[in-house]
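Some notes on the structure that comes next.
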Amino acid sequence: MSLMASARSSVPSLHNARALSGLPDIDWRAPWFEAVAAHGQSALTCDDWRLALSTQAAAARVVTGQGQPLRFVAQETLPVATAYEAFIAATGGVPTRRNLHDFFNALIWLTFPRAKAALNARQARAIATDGVQATRGATRDAATLFDENAVLFACSEPSLGEALRGFDWHTLFVTRRADWGRTCEVQPFGHALLEKLVSPYKSVTAHAWIIDVPHDYFDAPPMHRRQWLDERIAPQLVSAPLSTRDFAPLPVLGIPGWWPANADPAFYRDASVFRPGRREKSAASAR
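End of the sequence shown = 377 in this note's numbering, gap-free, step of one.
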């Protein structure tokens, strides 16, 4: 399904095939759930979705940053005074509560396994070197932000990435609207972001990680595009410098095809959501 074709998400919500304790109904037809819907719906047909997702991880041979086979275990499995990331890297067990936040974390492990393993390896390495500090530090802050709230903004034309970084919402969403799905797209990564989007609201804002892609990227099926992105970003997440400044804010309900109301250009005039960039604000204050 293309980003533009996914506008049909405005139809009434689907209920889960089976209601499970701790999880509300999820509209799997919403475009932001496209990448995780198959894994999620399948798991929710089982009595124990942690076990179901562990089975999927084993079938796909998903491993942690230290090569341990991945599985999703009860939160109580995490020993007292043991760091979460270090435990995952060493044992392959991801402590998972029966809530939306951890459910989506598991789904992203299955969707972007190399990138998640890279983030886990980086976090575990930092803990091994520095221990658990009162504050994470700049690199771990950036890794955590990526893990929780990132989207991957794939674009084959640099001008679109420049528009995003420059807070040029009119260019990105109105003037260049037809380019979405052809020369740019967004793939959600952050599991906290997906949790928010179960009950979406206009101001939900992701941290976009801009990735240059070849023009033929958009000719590939969605699953192949995600695999390409996963392979591309994993090496960067292992060792490249990371900073919170590497991200660009992106109000996700402004993405064409993701929310019916954004078909009206006036949708983007809400400056409380689509905020002007620092340069624009500085220019305005100088006048």
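The beta carbon of each residue, even a glycine, is placed where N, CA and C say it ideally should be. As the structure is a prediction and not an experimental result, all values here were calculated from the model.
Distance between residue 153 and residue 144, taken at the CA atoms: about 11 angstroms.
Separation of residue 157 and residue 203 (C-alpha to C-alpha, rounded to the nearest whole angstrom) is 12 angstroms.
Here residue 309 carries a helix assignment [DSSP, helix/strand/coil]. When Cβ pairs closer than 8 angstroms are counted between the two stretches, the region 232-244 is seen to touch the region 329-346, the count reaching three or more. Relative to residue 324, the option among 122, 270, 130 and 199 whose CA is nearest is 199.
DSSP places residue 134 in the coil class of the three-state scheme, outside both helix and strand. Counted as a single uninterrupted DSSP element, the stretch harbouring residue 178 is not any beta strand (DSSP E) but the alpha helix (DSSP H) occupying residues 174-181. With a cut-off of 8 angstroms on Cβ pairs, the region 112-124 is in contact with the region 287-296, counting three or more such pairs. Boundaries of the beta strand (DSSP E) harbouring residue 300: 295-302, taken from the DSSP string. For residue 275, the beta-bridge partners assigned by DSSP are 244. By DSSP's assignment, residue 161 forms a beta bridge with 183. Taking C-beta separations shorter than 7 angstroms and ignoring five residues to either side along the sequence, the partners of residue 343 in its chain run 290, 292, 294, 349 and 352, following chain order. Classified as buried, residue 275 has 16 or more neighbouring CB atoms from the shown chains inside 10 Å of its CB. In the displayed model, residue 284 falls within a helix according to three-state DSSP. For residue 149, the uninterrupted alpha helix (DSSP H) segment begins and ends at 139-150. By the criterion of a C-beta distance shorter than 6 angstroms, residue 363 is surrounded in its chain by 292, 293 and 341, once the five residues flanking it on both sides are discounted.
Contact between residue 320 and residue 245 does not hold, since their C-beta atoms are separated by about 17 angstroms, which reaches or exceeds 8 angstroms.
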